[in-house]
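These notes concern the structure reproduced below.
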Amino acid sequence: MGINSINDLWEKICEDCKINESISEVGLEAWILDLVPLSTDDGILTLVAKNEYKKKTVDGYYKKILEKACEKVSGLPMTIEVVVKAEETEKKPVKPQSAEDNYTFDNFIVGPSNDMAHAAAVAVAKKPFLNSYNPLVIYGNSGVGKTHIMTAIKNSITKNFPDKKVIFVRGEQFANELIISFRDQTTDLFHDRFRNVDVLLLDDIHFIAGKDRVQEEFFNTFNALYPEKQIVVTSDRPPKDIKTLEERIRSRFESGMLVDIQPPEFETRVSILKAKADQLGLEISDDIYYYIAEQIKSNIRQLEGIIKKLHNYVLVHPNSLSLPMVQRYIRDVVSESLPDPVTVEKIVEEVSRTYNVPSEDIYSRRKRADVAHARQISMYIISKVMKELSTTDIGKKFNRDHSTVIYAVDKMKEELLENEAEKKIVEDIIKNVNS
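Remember, this note's numbering sits 805 above the position in the sequence shown when you count from 1.
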């Protein structure tokens, strides 16, 4: 196993969580990598957190995952205990190499589809809060490089301005941390984390849309930072098209610099493929590059993923990379890359997320007003999006009679005619489940 010290053990635990994606890159960066291993006495691995807020978050969300990884790499069951001890945090924390460390401007392929976003991001990275791009809003579909360019900003500022405090967080994590702070009565620590920074990078801002308390907190955070501090956000669409984003937040974004990233055109797709192949030391003929670029047209992650898989294939089958083989392989990838079909479960999950009502309650027979409303919204959206399902089919999903579905659909049609705000929420849900 090669575990010679407590630091070796902790490093292997972190590596296992990263490799197996049991904890996201952002989760590792925000909560795990700066924990300091202290001792392994009596089957307990003690970790030191910088403050009580981090301790509670790790205990609540990551403790069981870490214990599972610990048993996997050490072969012994062990309990994780997180403590707060300020004097121990001076020890250098273990920080395994993150995949996001490789996201830089140097390996970001620039083309007509993203040159404006790239130029604005470089300007922000060179002179944070001393440029005209504040806030900077970058929007575009999934897989076009928004997270890469955001991470490049973070890495550049961290390297060139080591005295500046930079936070890179996704919208979902921002919302989850806020909810935890409400539950644990640690909002002061939450405010300290997000309002005492020099640069705030918030990925997937659309996630907070429709969540009143989260939007309120983000608005106050924005005002605490702006204009002295740099703010950069990304979204899957322009702010004006996020129907459930509060107008006051939308106006803040529109006062800054808005740039979009479009799907890469053919030449840029070929350049991305070649750059990834060069990075892996993989030799590929131009006809294979051109074929892949013709088949995969919108998602950079898929392009890079294909090269990685071809690289792995060549390691097992040397000198076997031919166009016919790649053609057979790409057919499977293209089929796999089709958008996930819209399902009842997907719609209910989106309604659950938006209205903060557990999915199991929506399926249940509970009659509480908020649950009943979320259930009726779900039935209405299902009838609108999944037209192949009859009211009887929909009713069976909720253990209800078809007449209940008809009533819910008719009721929601009337409500949406009179309630413009609710109509925008429903439109956002439909957009999200179709994307």
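We put the beta carbon where it would ideally sit given N, CA and C, even for glycine.
So who's on the other strand from residue i, going by DSSP bridges?
i	result
residue 1036	1005
residue 852	842, 887
residue 972	1005
For the alpha helix (DSSP H) holding residue i, just list the boundary residues, first then last.
i	result
residue 921	920-931
residue 1108	1105-1121
residue 1153	1149-1160
residue 1082	1071-1085
residue 859	857-862
residue 949	Taken as a continuous stretch (DSSP letters only), residue 949 belongs to no alpha helix (DSSP H), as it is neither H nor E.
residue 1164	1164-1168
residue 1099	1091-1100
residue 998	992-1000
residue 1221	1207-1223
Whole angstroms are fine: how far does the CA of residue j sit from the CA of residue i?
i	j	result
residue 990	residue 857	11 Å
residue 1075	residue 823	29 Å
residue 1007	residue 1123	43 Å
residue 1032	residue 960	22 Å
residue 844	residue 911	40 Å
residue 1232	residue 1147	15 Å
residue 877	residue 1156	37 Å
residue 1237	residue 1170	26 Å
residue 1064	residue 952	14 Å
residue 1102	residue 1130	20 Å
residue 1115	residue 1084	13 Å
residue 964	residue 1222	53 Å
residue 1099	residue 907	26 Å
residue 902	residue 909	Summary for residue 902: the model assigns pLDDT 49, below 50, so the residue's position carries little reliability; its value from the coordinates is reported in the next sentence. Straight-line Cα distance between these residues: approximately 14 Å.
residue 1062	residue 925	8 Å
residue 994	residue 1019	16 Å
residue 1166	residue 1005	36 Å
residue 1176	residue 1162	6 Å
residue 1196	residue 832	42 Å
residue 1117	residue 827	22 Å
residue 1198	residue 974	40 Å
residue 1135	residue 1089	15 Å
residue 996	residue 1150	35 Å
residue 1143	residue 927	With a pLDDT of 49 at residue 1143, under the threshold of 50, the modelled position of that residue is not reliable, and the figure given next carries that caveat. Going from the Cα of residue 1143 to the Cα of residue 927 covers about 33 Å.
residue 1159	residue 1234	8 Å
residue 854	residue 886	10 Å
Quick check on DSSP: helix, strand or coil for residue i?
i	result
residue 899	Residue placement at residue 899 cannot be trusted, given a pLDDT of 49 that sits under 50; the coordinates are not used to answer.
residue 1229	helix
residue 1251	Because residue 1251 is not part of the residues shown, which for the chain are 806 to 1240, the question remains open.
residue 942	strand
residue 911	coil
residue 1065	strand
residue 1056	helix
residue 986	helix
residue 1183	helix
residue 810	coil
residue 865	helix
residue 916	coil
residue 1044	helix
residue 830	helix
residue 967	coil
residue 893	Residue placement at residue 893 cannot be trusted, given a pLDDT of 42 that sits under 50; the coordinates are not used to answer.
residue 934	coil
residue 1172	coil
residue 747	With the chain running from 806 to 1240 in the structure shown, residue 747 is simply not present.
residue 847	coil
residue 1204	coil
residue 1241	The chain is shown from 806 up to 1240; residue 1241 falls before or after that span and cannot be answered.
I'd like the span of the beta strand (DSSP E) that includes residue i, first residue to last.
i	result
residue 786	The structure shown does not extend to residue 786, since the chain is modelled only from 806 to 1240, so the question has no answer here.
Say whether the segment 1014-1033 touches the segment 1053-1071, bearing in mind that this needs 3 or more beta-carbon pairs closer than 8 Å, one atom from each stretch.
yes
Touching or not, the segment 1174-1182 and the segment 1211-1218, by the rule of three or more beta carbon pairs under 8 Å?
yes
So, do the segment 940-947 and the segment 970-985 have three or more beta carbon pairs nearer to each other than 8 Å?
no
Counting pairs of Cβ atoms below 8 Å between the segment 1033-1049 and the segment 922-939, do you hit three or more?
yes
Counting Cβ pairs closer than 8 Å, one from the segment 987-1002 and one from the segment 849-869, do we hit at least three?
yes
Under 8 Å, with one C-beta from each stretch per pair, do the segment 914-929 and the segment 1009-1017 reach the 3-pair mark?
no
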